[in-house]
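Number of protein chains: 2
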Amino acid sequence: MNEFPPSHPLWETAKSLDAKDPLRKFRQEFMIADPDEIYLNGNSLGRLPVRTVQRLERIIREQWGVWLIRGWDRDWLKLLSRVADKLAVIIGAHPGEVLLADSTSVNLYKLAIACLNIQRGKKVVITDELNFPSDLYILRAAVQQAQGNWRLQILSSEDGNTLPLEKIEKAITPEVGLVALSHVCFRSGFLHDISRLSEVIHQHGAMLLVDVSHSAGVVPLRLHDWKVDLAVGCTYKFLNGGPGSPAFLYVREDLAPLLDNPIPGWLGHENPFRFDLEYRPARGIGRFRVGTPPVLAMAAVEPALDLLLEAGQENAYHKAKGLTEFFLSLYDAFLRPRGFGLATPREPDRRGAQISLIHPEAWPISRAARDRKVVLDFRPPNLLRMGFAPLYNSYQELARAVEIFCQIVDSQSYRQYPEGVDGIP
Amino acid sequence: MNEFPPSHPLWETAKSLDAKDPLRKFRQEFMIADPDEIYLNGNSLGRLPVRTVQRLERIIREQWGVWLIRGWDRDWLKLLSRVADKLAVIIGAHPGEVLLADSTSVNLYKLAIACLNIQRGKKVVITDELNFPSDLYILRAAVQQAQGNWRLQILSSEDGNTLPLEKIEKAITPEVGLVALSHVCFRSGFLHDISRLSEVIHQHGAMLLVDVSHSAGVVPLRLHDWKVDLAVGCTYKFLNGGPGSPAFLYVREDLAPLLDNPIPGWLGHENPFRFDLEYRPARGIGRFRVGTPPVLAMAAVEPALDLLLEAGQENAYHKAKGLTEFFLSLYDAFLRPRGFGLATPREPDRRGAQISLIHPEAWPISRAARDRKVVLDFRPPNLLRMGFAPLYNSYQELARAVEIFCQIVDSQSYRQYPEGVDGIP
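See below:
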């Protein structure tokens, strides 16, 4: 078995890639409590930007504490659209096509039902088993609750990790009203080709809803140009918005006035501050707001988005691709020979900023890795899932992580970890 | 016209009431940036507890920043039930009958639809026009979207401010499946007698859903003992949870297993961390969770609830009643003679911790008052709405506010404020 000694040329590669990395300086923008910890969980909960700490402390003390109710007039209502417009840049939407609100599931529920209610005469919603389970729950609820007789067709993946576009294309009939997919699949990191899917789907009169939770910030997104109809996503993964930070939704601008929010809340009203007894929806995407937005949580998202915008979208995509590419070299040299498999596609344009390894002892290996300061996800039954965040992960961190995996497997130190199943949102 | 000179006996009364107030020391638990500002908007957005500042700074730096994804295991999942159980004490629920989640409107939507879907064979939902307009929007949506043929009957108020129990009683027929009301009406401060309503409503096989947004923390609430079926509310008013802080819902414990959440999210799953493709609801109230909860916002609620629990429920109710009672003495002496009317009932057990004054120039008076550091709400067309927070408002603040109202009206200084309509969540 190959060892991974300090003399190995891949260490030199890692160093040289880090030295040339134009985003190198962004690591210091994040709070790094333990410089030895290799945090590969940015696809679950992103690191804390230093400026978010400062921003939150200010908004708590100076705005909630001093402005009190006047905060709504002075900044908080503006904050909502300011943050949304920044996010729009990141996901390739026009201003006014994005809003932050609620959780991803609530947003998916609102958009899916709104969409099915205008796709009269159609009957089928297509998704795939690579989608987030929670998205499947919501889509099942939506087909039951929307007007008309809808059913959900869940396409299966032959290898459990990917789904060729042709399979979706074949499933599309004139009865299909909506195709709802995750852009990057949470288990394998497989990336759907949304641009091509959008063409195919629209040829058949269906609409396209994409969950971009795992792609926003690390994969090129051109939602508007791709003519995507609807999208949802969260901000706590690669967007670094904080634990349980607000989710978002996207509605193509021409579509918003046609859709009715099934949950008509006060802030979705055309004129929320008149307190009319009758609901009249805001003209544009604003109608998908529901209740009073969480100001502190919204404010936490803004500095995180600023960082991504400063780093530059293309730089972020380029580095995310570089990190996965480099990891695959390490995988081929050290992990494949040790019995690890690969769930993530090898083609760079078929994966997100994520590598998922397969190993029968994935659970105890993930525990052993955590104790060696490599923080990654276990996903049942046998996946080790790693997200690579272009703003704070380095190439040398990946090399070090692989060195530790090798030591754990070679020494069989993972055997001391009791059986169990764990997981983290 | 009576003036309100320093020699007036009501000043002495105010001083003496403050001196005897057992909650006096709680004011220092809140951030008071300007000691001269009289903040009567605790029913819109409560003041910032000092310990919330400390708590949030810790959770941001030490938990998000250091624990990162491990925070879920270490405290954040426990935080959810810990905060919910504290809130349960405040609203008179059993542990396991309350959860914090989403916004009030989303919670109302979930509970109303879940309720109507089990009240088969019935046809009518009753509410009243004193309810929050946003609750009316959601109830209208619920009757359209729930299974069966439902219609919403909105009882009108004869005086615009109150609704006698007999009127609701008369409206209840065997066709009524749900009565949904706001405990304290946001405009007038009128308080429904929920205990008696619950008896009447249950005699007819209907269920009772109460929005306690304006009563939680300042009015005695015994949701469980009163056999209330369902309740919703927000935490940013008298519970001082912060701008847009998470809302809550209550489901009587025997009822939870019978109700289906129309928005089945991952955290409402029986075993969220298994990521099953099939949804199976949690056994109890947990099924009404949807997405990943906002950790920072949840954490902000906890110290605020601790303060209320330390102050003691009975003390809080007693003081809230004392403040409104004292304000009415001031009203009779100074404001009625100046052309102000009263929208709030005079009987102490028919009102919340709120007084709403009627004045044709309510809008400019509210602006002039703000410039004199009396912060209160204007509600169209002619209401001046004041919330009295037992933990930080004093009797002398009320006397001072009334002194300022007199000066504004007597000097007609409000005439310099341009016409306009404003309002705040």
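As given, the protein sequences belong to chains A and B, one line each in that order. The numbers in the working numbering rise by one with no breaks, and the one at position 204 of the first sequence is 202. The numbers in the working numbering rise by one with no breaks, and the one at position 354 of the second sequence is 352. For every residue, glycine included, the Cβ atom is placed at its ideal position computed from N, Cα and C.
Checklist line | Residues near V81 (chain A) in its chain [Cβ-Cβ closer than 7 Å; skip 5 each side] | finding: L98, M296, V299, E300 and L303
Next item on the list: Taking only the alpha-carbon atoms, compute the straight-line gap between P423 (chain B) and T160 (chain A) and give it to the nearest angstrom.
Entry: Note that P423 (chain B) scores a pLDDT of 35, beneath 50, so its modelled location is shaky and nothing firm can be said.
Notebook entry, point to check: Should D426 (chain B) be labelled buried (16 or more other beta-carbon atoms within 10 Å of its own) or exposed?
Noted result: Nothing in the structure corresponds to residue 426 (chain B), since chain B is present only between -1 and 423.
Margin query: To test your reading of the DSSP string, which unbroken beta strand (DSSP E) runs of 3 or more residues are found completely within the segment 109 to 194 of chain B?
Written below: 122 to 126, 149 to 153 and 174 to 180
Checklist line | CB contact check: Y107 (chain A) to chain B, cutoff 8 Å | finding: yes
Margin query: So that I know if they touch, is there some Cβ in chain B lying closer than 8 Å to that of E1 (chain A)?
Written below: no
Margin query: According to DSSP, simplified to helix, strand and coil, what is M29 (chain B)?
Written below: coil
Check: Thinking just about the alpha-carbon of each residue, which of A:W264, A:P131 and A:Y315 is nearest to the one in V104 (chain B)?
Finding: A:W264
Next item on the list: Answer with buried or exposed for T171 (chain A), where buried requires no fewer than 16 other C-beta atoms within 10 angstroms of its C-beta.
Entry: exposed
Next item on the list: Please list the partners that Q433 (chain B) has in chain A, where partner means a Cβ-to-Cβ separation under 8 Å.
Entry: Coverage of chain B is limited to positions -1 through 423, which leaves residue 433 (chain B) absent and any answer about it impossible.
Notebook entry, point to check: Below 8 Å, can you find three or more Cβ-Cβ pairs linking the segment 57 to 70 of chain B to the segment 391 to 407 of chain B?
Noted result: no
Notebook entry, point to check: Along the chain, which unbroken stretches of the alpha helix (DSSP H) at least 4 residues long are found entirely within the segment 301 to 372 of chain B?
Noted result: 311 to 328 and 360 to 369
Margin query: Please return the same chain residues whose Cβ sits closer than 7 Å to the Cβ of F332 (chain A), not counting the five positions on each side in sequence.
Written below: N0, F2, V400 and C404
Margin query: For a contact defined as C-beta to C-beta under 9 Å, what are the partners of L46 (chain B) on chain A?
Written below: I58, R59, W62, G63, V64 and L66
Check: Of all the options A:L355, A:Q311 and A:A91, which has the alpha carbon lying nearest to the alpha carbon of P379 (chain A)?
Finding: A:L355
Notebook entry, point to check: Can you check whether the CB of V230 (chain B) is closer than 8 Å to the CB of L109 (chain B)?
Noted result: yes
Next item on the list: Establish whether the CB of M205 (chain A) and some CB of chain B are separated by less than 8 Å.
Entry: no
Notebook entry, point to check: What separation, rounded to the nearest whole angstrom, lies between the Cα atoms of A254 (chain A) and N129 (chain B)?
Noted result: 29 Å
Check: Can you check whether the CB of Y393 (chain A) is closer than 8 Å to the CB of D16 (chain A)?
Finding: yes
Next item on the list: Would you kindly work out how many angstroms separate the C-alpha atoms of L237 (chain A) and H357 (chain B), rounded to a whole number?
Entry: 49 Å
Check: Can you find a CB in chain A that lies within less than 8 Å of the CB of P423 (chain B)?
Finding: Here the model assigns P423 (chain B) a pLDDT of 35, short of 50, so the residue's position is not dependable, and the following value carries that caveat. P423 (chain B) counts as touching chain A.
Check: Looking at the unbroken beta strand (DSSP E) that takes in A229 (chain A), where does it start and where does it end?
Finding: L228 to G231
Margin query: Using CA atoms only, rank isn't needed, just tell me which of A:N41, A:S364, A:P4 and A:L326 is closest to P346 (chain A).
Written below: A:L326
Check: When DSSP labels each residue in this structure, what does Y412 (chain A) get in the three-state scheme?
Finding: helix
Next item on the list: Provide the residue(s) that pair with N39 (chain A) in DSSP beta bridges, ordered along the chain.
Entry: A:G385
Next item on the list: Go through its chain and collect everything with a Cβ distance to V217 (chain A)'s Cβ below 6 Å, but skip five positions before and after it.
Entry: G350
Item checked: Status (buried if at least 16 other CB within 10 Å, exposed otherwise) for L275 (chain A) -> exposed
Margin query: Is N147 (chain B) close to chain D? Criterion is C-beta to C-beta, closer than 8 Å.
Written below: No chain D is present in this structure, whose protein chains are A and B.
Next item on the list: Return the Cβ separation of I283 (chain A) and G90 (chain A) in integer angstroms, given the expectation that the two are a contact with Cβ distance under 8 Å.
Entry: Not quite, the Cβ-Cβ distance comes to about 15 Å (not below 8 Å), so this is no contact.
Notebook entry, point to check: For the candidate residues A:Q143, A:E251, A:E197 and A:Q145, whose alpha-carbon lies nearest to that of E164 (chain A)?
Noted result: A:E197
Item checked: Where R53 (chain B) falls, given that 16 or more other Cβ within 10 Å makes a residue buried -> buried
Next item on the list: Please check the pair A144 (chain B) and P260 (chain A), which I expect to be a contact at CB under 8 Å, by giving their CB distance rounded to whole angstroms.
Entry: So it is not a contact: roughly 11 Å between Cβ atoms.
Check: Using a C-beta cutoff of 8 Å, does I136 (chain A) count as contacting chain B?
Finding: yes
Checklist line | Interface residues of chain B facing V299 (chain A) [CB-CB closer than 9 Å] | finding: What V299 (chain A) touches in chain B: nothing, since even the nearest Cβ is about 11 Å away.
Note to self: Suppose the cutoff is 7 Å on Cβ atoms and the five residues either side in sequence are ignored; what does the same chain contact list for V210 (chain B) look like?
What the structure shows: I89, H181, L219, A229 and G231
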